[in-house]
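Same order as they appear, the protein sequences are chains L and S. Heads up: the first sequence begins at 1 in the UniProt record's numbering, then just goes up one per residue. Heads up: the second sequence begins at 1 in the UniProt record's numbering, then just goes up one per residue.
Number of protein chains: 2
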Amino acid sequence: MARAIAGGRPTVKDVAVAAGVSATTVSRVLAGNYPVSASTRKRVLRAVQDLDFVINAQARALVGGSTRTVAFIVRDLVGPLFAYIGQGVEQQATAEGRVCLVCTHHGDADRELELIELMREQQAEAVVLVGGGLRTPEHLERMAQIARSLERVGSRLVLCGRPPIGPDAPSTVVEYDNEGGAFAVTNYLISLGHRRIAFVGAAEPNHTTTSARFEGYTRAHRAHGLTVDDSLVVGGTFDRESGYRQTKALLARDTGTEPAMTAILGITDMVASGILAALREAGLRVPEDISVAGYDDIPLSADLSPALTTVHIPHEELGRAAVRLALHRDEYALDQHLLLGTHVVIRDSAAPPRENNAR
Amino acid sequence: MARAIAGGRPTVKDVAVAAGVSATTVSRVLAGNYPVSASTRKRVLRAVQDLDFVINAQARALVGGSTRTVAFIVRDLVGPLFAYIGQGVEQQATAEGRVCLVCTHHGDADRELELIELMREQQAEAVVLVGGGLRTPEHLERMAQIARSLERVGSRLVLCGRPPIGPDAPSTVVEYDNEGGAFAVTNYLISLGHRRIAFVGAAEPNHTTTSARFEGYTRAHRAHGLTVDDSLVVGGTFDRESGYRQTKALLARDTGTEPAMTAILGITDMVASGILAALREAGLRVPEDISVAGYDDIPLSADLSPALTTVHIPHEELGRAAVRLALHRDEYALDQHLLLGTHVVIRDSAAPPRENNAR
DNA sequence: TTGTAAGCGTTATCAT
DNA sequence: ATGATAACGCTTACAA
Numbered sequence: 001m002a003r004a005i006a007g008g009r010p011t012v013k014d015v016a017v018a019a020g021v022s023a024t025t026v027s028r029v030l031a032g033n034y035p036v037s038a039s040t041r042k043r044v045l046r047a048v049q050d051l052d053f054v055i056n057a058q059a060r061a062l063v064g065g066s067t068r069t070v071a072f073i074v075r076d077l078v079g080p081l082f083a084y085i086g087q088g089v090e091q092q093a094t095a096e097g098r099v100c101l102v103c104t105h106h107g108d109a110d111r112e113l114e115l116i117e118l119m120r121e122q123q124a125e126a127v128v129l130v131g132g133g134l135r136t137p138e139h140l141e142r143m144a145q146i147a148r149s150l151e152r153v154g155s156r157l158v159l160c161g162r163p164p165i166g167p168d169a170p171s172t173v174v175e176y177d178n179e180g181g182a183f184a185v186t187n188y189l190i191s192l193g194h195r196r197i198a199f200v201g202a203a204e205p206n207h208t209t210t211s212a213r214f215e216g217y218t219r220a221h222r223a224h225g226l227t228v229d230d231s232l233v234v235g236g237t238f239d240r241e242s243g244y245r246q247t248k249a250l251l252a253r254d255t256g257t258e259p260a261m262t263a264i265l266g267i268t269d270m271v272a273s274g275i276l277a278a279l280r281e282a283g284l285r286v287p288e289d290i291s292v293a294g295y296d297d298i299p300l301s302a303d304l305s306p307a308l309t310t311v312h313i314p315h316e317e318l319g320r321a322a323v324r325l326a327l328h329r330d331e332y333a334l335d336q337h338l339l340l341g342t343h344v345v346i347r348d349s350a351a352p353p354r355e356n357n358a359r
Numbered sequence: 001m002a003r004a005i006a007g008g009r010p011t012v013k014d015v016a017v018a019a020g021v022s023a024t025t026v027s028r029v030l031a032g033n034y035p036v037s038a039s040t041r042k043r044v045l046r047a048v049q050d051l052d053f054v055i056n057a058q059a060r061a062l063v064g065g066s067t068r069t070v071a072f073i074v075r076d077l078v079g080p081l082f083a084y085i086g087q088g089v090e091q092q093a094t095a096e097g098r099v100c101l102v103c104t105h106h107g108d109a110d111r112e113l114e115l116i117e118l119m120r121e122q123q124a125e126a127v128v129l130v131g132g133g134l135r136t137p138e139h140l141e142r143m144a145q146i147a148r149s150l151e152r153v154g155s156r157l158v159l160c161g162r163p164p165i166g167p168d169a170p171s172t173v174v175e176y177d178n179e180g181g182a183f184a185v186t187n188y189l190i191s192l193g194h195r196r197i198a199f200v201g202a203a204e205p206n207h208t209t210t211s212a213r214f215e216g217y218t219r220a221h222r223a224h225g226l227t228v229d230d231s232l233v234v235g236g237t238f239d240r241e242s243g244y245r246q247t248k249a250l251l252a253r254d255t256g257t258e259p260a261m262t263a264i265l266g267i268t269d270m271v272a273s274g275i276l277a278a279l280r281e282a283g284l285r286v287p288e289d290i291s292v293a294g295y296d297d298i299p300l301s302a303d304l305s306p307a308l309t310t311v312h313i314p315h316e317e318l319g320r321a322a323v324r325l326a327l328h329r330d331e332y333a334l335d336q337h338l339l340l341g342t343h344v345v346i347r348d349s350a351a352p353p354r355e356n357n358a359r
């Protein structure tokens with residue numbers, strides 16, 4: 001029964017004294033990596049109990065080399081997508097006996113870089129960047145430099161859900177087929193007969209997620225010999241509110257001179273959820289009057305009404321793979337790049353257009 | 001431009017040599033808490049740049065005292081409720097210049113205790129337990145002991161969304177009025193005219209959240225001179241699947257000998273979401289045929305159809321307050337206990353019963 | 001203003 | 001099988 005010792009944390013030395021052995025022996029008992037006589041071990045463990053001793057992880061890391069710490073940096077903790085990937089990261093890290101540091105940058109790319117530096121100070125074994133990010137030449141260069149810095153000290157930058165930085169940036173990349181998913185879902189809408197498909201996206205043209213999804217959307221049009229009507233492409237952010245507002249705006253501006261859109265693709269499921277709300281308010285039925293699709297397949301999607309047709313991402317596996325590859329990179333190829341598949345999940349929010357405009 | 005230095009992480013000593021000063025001076029420049037001549041500072045900073053030096057947080061913590069680390073332990077990263085509280089924890093910690101450690105226990109109370117120990121090894125300044133927990137005498141005693149252990153080394157156990165452990169357990173408690181919220185929402189259903197209200201809860205009678213919410217539910221009945229029909233109280237877990245299954249079971253067992261329930265209270269919004277799905281499948285309309293209410297007011301609730309009547313919890317504020325109190329406990333009273341309010345959010349899922357059974 | 005030296009708590013190395 | 005000692009990278013007296 002932990003007898004309390006007044007003042008301060010007990011150290012191996014205190015335990016050693018209490019057990020009548022040397023600090024070295026205590027260390028050996030605790031680590032269990034060296035032969036110690038049974039009787040001594042018992043005395044030491046007894047002293048550990050009595051003093052309520054726990055080892056100092058910082059001191060151990062200082063001499064032992066590794067902190068056994070994995071850092072993950074996400075936009076927000078609350079988005080279901082980030083949460084699920086984070087869940088995967090945390091699970092795998094725990095499974096590998098690591099502890100998890102977590103930070104959020106709320107979409108601020110500079111803050112993201114600061115956080116990586118902070119995690120370097122923390123000696124994280126791996127720094128996992130979750131979700132898409134900025135993609136400008138300057139930012140990429142700074143990122144590459146940071147990747148090299150991490151590499152130099154035996155750590156590793158991991159891109160999870162983001163394309164590689166460049167050839168000379170040592171990093172582990174675990175992506176999902178972002179563009180392919182957008183292509184597939186747009187293609188599905190087109191195959192249903194839709195020709196005027198609005199894209200409610202994010203106004204961050206240099207964001208990897210934004211550009212990949214938009215590219216998939218346009219490529220699907222091209223594949224069918226269609227051209228995208230720019231007036232149907234609007235910006236915003238990744239959240240529900242944005243989907244709601246942008247859809248309101250789209251509907252308001254619909255003067256009837258052009259045939260209205262018959263379908264809307266939201267850049268995320270949260271956006272799609274806002275789209276559905278706006279349409280419902282406008283008295284439009286989904287999918288009878290207009291079709292809607294999203295992207296991410298967050299758990300919410302199945303519970304919307306109508307249940308949302310969307311693109312599935314292997315969230316958790318993405319996070320798990322990121323940690324697994326980073327921690328065992330010697331066992332894998334040097335240039336680590338994993339691309340996981342996405343697929344369309346057909347639910348109830350998309351159907352053939354009321355009047356098929358296909359010419 | 002960070003000239004790469006081959007092999008290993010540079011240390012203050014390396015910087016000192018490069019700048020032609022002592023390690024002490026480097027330390028002083030970095031900490032900025034001691035006068036250093038402008039020219040020296042410049043040379044040092046230059047060397048830091050050149051060597052791409054970052055300080056070793058572990059070593060600094062070892063000598064400096066604090067790790068500037070806050071740990072938070074949650075059931076899962078994915079539940080919206082936990083995520084929002086975690087968001088609050090992370091935000092406040094960051095605002096206070098702290099770094100966040102996160103662990104999940106998936107509802108395993110023993111694992112939770114292990115994790116607290118792990119966080120004690122990590123020298124976390126505060127260990128925040130998010131969400132309800134087990135409440136058995138043994139568990140409480142172990143928890144109290146851990147609270148004392150943490151206290152002894154200058155750390156702090158923080159209970160966030162869970163009642164206090166006991167009088168001799170030094171801990172910071174930030175609760176919300178769990179019982180009061182359950183009372184209020186049940187009271188609301190009763191005031192609408194419902195007399196047979198099912199409770200779809202969790203089969204963990206010693207779980208703080210379960211018991212508080214169930215207690216509020218029964219107290220509301222008592223307050224109206226009603227008695228709870230035990231056959232309308234079912235167990236399960238906190239997730240959507242449970243709500244779905246339990247509701248299916250309730251409907252199946254409804255033989256018609258007793259008047260059926262006219263309303264269902266889910267122990268969480270996720271459960272309520274499952275309840276809605278089951279009712280929809282059974283062809284029952286909400287709230288025309290049957291009313292439903294939830295608890296937590298997660299973002300999803302507003303998007304369900306019908307939009308869910310539920311109990312709002314100040315999620316983020318809960319997390320923020322937890323960290324704020326823990327880190328400034330000298331400035332507050334010694335026995336820290338904060339109780340935040342909850343309130344019913346009236347949406348569309350509850351209405352007066354079709355045939356008012358009030359006698 | 002700057003430097004020297006001791007020490008934080010642990011483990012690895014080398015003895016015994 | 002056990003112990004003494006020297007690191008690990010940093011800060012903080014104490015000196016100069």
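We put the CB at the ideal spot given by N, CA and C, even for glycine.
For residue 230(S), not one C-beta of chain L is nearer than 8 Å to its own C-beta.
Within the region 65 to 85 of chain L, the residues whose Cβ lies closer than 8 Å to any Cβ of chain S are, in chain order, 67, 76, 77, 78, 80, 83, 84.
When rounded, the separation of the alpha-carbon atoms in residue 40(S) and residue 16(S) is 11 Å. Listed in chain order, the alpha helix (DSSP H) elements of length 4 or more contained wholly in the region 60 to 134 of chain L are 80 to 95, 109 to 121. Neighbourhood of residue 305(L) in chain S, by CB distance below 7 Å: 305, in chain order. Following the DSSP letters along the chain, one finds residue 332(S) in no beta strand (DSSP E), marked with neither H nor E.
Within chain S, the C-beta atoms nearer than 9 Å to that of residue 87(L) come from 76, 77, 78, 104, in chain order. Fewer than three pairs of CB atoms, one per stretch, sit closer than 8 Å, so the region 102 to 113 of chain S makes no contact with the region 46 to 57 of chain S. In chain order, 300, 303 make up the part of chain L whose C-beta sits under 8 Å from the C-beta of residue 300(S). If you draw a straight line from the Cα of residue 313(S) to the Cα of residue 297(S), it is about 7 Å long. Using a CB distance below 8 Å, no part of the region 339 to 357 of chain L faces chain S. Residue 133(S) is a Cβ neighbour of residue 208(S), given a cutoff of 8 Å.
Nearest Cα to residue 286(L) within the set 340(L), 262(L), 253(L): 262(L).
Residues of the region 89 to 100 of chain S with a C-beta less than 8 Å from any C-beta of chain L: 90, 91, 94, 99, 100, listed in chain order.
When DSSP states are grouped into helix, strand and coil, residue 242(S) belongs to the helix group. Residue pairing from DSSP places residue 291(S) in a beta bridge opposite 263(S).
Contact annotation: in the UniProt domain "HTH lacI-type" (10 to 64) of chain L, residues whose CB is within less than 8 Å of a CB in chain S are 52, 54, 55, 56, 57, 58, 59, 61, 62. Contact annotation for residue 277(L) against chain S: 303 [CB-CB distance below 8 Å, chain order]. By the Cβ rule, the region 313 to 323 of chain L does not count as touching the region 273 to 290 of chain L, because fewer than three pairs are nearer than 8 Å. Taking the Cα positions, residue 46(L) is about 21 Å away from residue 143(S). Proximity of residue 118(L) to chain S, defined by a Cβ-Cβ separation below 8 Å, is satisfied. At a cut-off of 8 Å, the C-beta of residue 246(L) has no neighbouring C-beta in chain S. Under the Cβ criterion of 8 Å, residue 336(S) is not counted among the residues facing chain L. With a cutoff of 8 Å on beta-carbon distance, residue 160(L) and residue 308(L) are scored as not near each other. Annotation: residue 85(L) to residue 282(S) spans about 34 Å, alpha carbon to alpha carbon. With fewer than 16 neighbouring CB atoms inside 10 Å of its own CB, residue 136(S) falls in the exposed class.
Going by beta carbons, residue 162(S) and residue 115(S) fall outside the 8 Å limit. Residue environment: residue 138(L) is assigned as exposed (fewer than 16 neighbouring CB atoms within 10 Å of its CB, all protein chains considered).
Following the DSSP letters along the chain, one finds residue 194(S) in no beta strand (DSSP E), marked with neither H nor E.
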